[in-house]
Structures are given as structure tokens and as C-alpha cells.
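So the sequence shown is numbered by the working numbering: it starts at 5 and just counts up by one. Backbone N, C-alpha and C fix where the C-beta goes; we use that ideal spot for every residue, glycine too.
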Amino acid sequence: MIILGIDSSSVTASCALMRDGEVLSSELVNNGLTHSQTLLPMIKRVVEAAEISVCDIDIAGITQGPGSFTGLRIGMSTLKGICAANNTKCVGISTLEALSIGVCDFDGIVCAVMDARAGQVYNALFFRGERMCDDRAISIADLEKELKEQKKPVILVGDGTVLCYNRLKDTLPVTMAEEKKRYCMGTSVAVLAQKYAANAIDAEDLTPVYLRLPQAQRELNNRKELTNK
5 MIILGIDSSS
15 VTASCALMRD
25 GEVLSSELVN
35 NGLTHSQTLL
45 PMIKRVVEAA
55 EISVCDIDIA
65 GITQGPGSFT
75 GLRIGMSTLK
85 GICAANNTKC
95 VGISTLEALS
105 IGVCDFDGIV
115 CAVMDARAGQ
125 VYNALFFRGE
135 RMCDDRAISI
145 ADLEKELKEQ
155 KKPVILVGDG
165 TVLCYNRLKD
175 TLPVTMAEEK
185 KRYCMGTSVA
195 VLAQKYAANA
205 IDAEDLTPVY
215 LRLPQAQREL
225 NNRKELTNK
């Protein structure tokens, strides 16, 4: 089975091709350009490096959130175009679960964190490869309380790593994943796409998972609440 894994949920973009668990080719881009400029050319390079055709891809996996609203939309649109043209099934993957794969051998709690602004992070906890909670938006203060109750060593992964480490290092046995493992990798997405292959759906049915409303919508709702008071 040939699987394409794509991530465009944060400042980096990544994709990879795997055949029966073996990585054929992969690439990560972190050059400051928007994903609309980098994603499709990167996928093209990865496919060419693997010496296959897009038509050979059996399943495509993509991070469907949480993450950057714009990045998620670009990734979804790109993947839908590829899959619709070739009738390829898709699997939506949690960005947080994909982040956890890179440090899944850690003997303790893997704490995947993405900066959600306003004192919050998008977060999920994992222990020995198993989920401890659903994906959520949570304040760093509440996350600290929860981790204290677990009384286990913690490793942070994701773009919220430094932010959380600076808040938690004085009260918890917490470490940071090495920098290259803080990024979401296309290989991790492909691994999870294979794991959840039974959940594959048509590309047109794939939707982003934001966890929170966009900031513009939140501000609009707040103004409406103030007007109605």
C-alpha cells in the first residue's frame, strides 16, 4: 500500500510517501513562504523522488487540525484536488497525534502543544502510544494543574514547546523534544493514515477541525454580546 502523508497545519509544511511502512521519500519546508506557494511543488518533488505516479497512491492522509486556519484550508484544498482527480481515499489525522509520533518512545507523558494565543494551547496528552484525552484548547494554567496530578515526567512537542516549557519548568519534571522533532512530519501523518486506513473517506467529505472559532468570528460574537446587553 502506498500512502501519501501531508501536513500544513503550522509554520512548516511537510509531506512523505510510504510503501508498506517504508519511507520512499519525504520533505519538510520551513522557509517563511506561504503554504500556497510551497505545498504543491513539494508534493510534486516527493512523488518524483519516489519514482511513482500520483495515480499509484492508495490512501492520502492529512492533518485536519488543530492548527493555523489558513494552513489547514490550503492543505485540504490541495489534497482534495489531488485525490478527486485520481479517486483516492483520504484519512484526516489529528495534528497533535501526528506530533506525538516523533517522541512516542519517551518513558512518560508526551504533551503535544500548539500555540493557540490568548494564553491557550491546542493540546493532547499521550502515554506509551495511547491517548489520555481528546484534542482540546486549554489554558496553560489548567494544563499545568492536570500534569501535576499525573506525577510523571513530561516531554513537550509542537510549536508551543518553548512557551509551555518556560511556564512549567519550575513546577514540573518537564523536558523539551529536540528541535527537529517538534515539527509535524509527513512521515508521521503517513504512519497514522495507515493505522486508520479503515476510516478512509472521499476527499469531498474531508473537513478541518479547528477546535476554536477564528479570531474574527470570536470578536464579532463578543461585539454582538455587548450590543445585546
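Residue pairing for C19: DSSP places it in a beta bridge opposite I10 and E31. Taking I205 as the centre and dropping the five residues before and after it, the same chain places the C-beta of K93 and C94 closer than 7 angstroms to its C-beta, in chain order.
DSSP places R49 in the helix class (H, G or I) of the three-state scheme. For F130, the beta-bridge partners assigned by DSSP are V114 and R135. DSSP lists I63 as the bridge partner or partners of K93. Collapsing the DSSP output to three states places A207 in a helix. In this structure, the beta-carbon distance from L21 to L32 does not fall below 8 angstroms.
Distance from V125 to G164 at the Cβ level is roughly 5 angstroms; contact confirmed, criterion being Cβ atoms closer than 8 angstroms. Between T67 and G85, the beta carbon gap of about 17 angstroms keeps them out of contact (Cβ cut-off 8 angstroms).
In the DSSP assignment, A88 forms no beta bridge with any residue.
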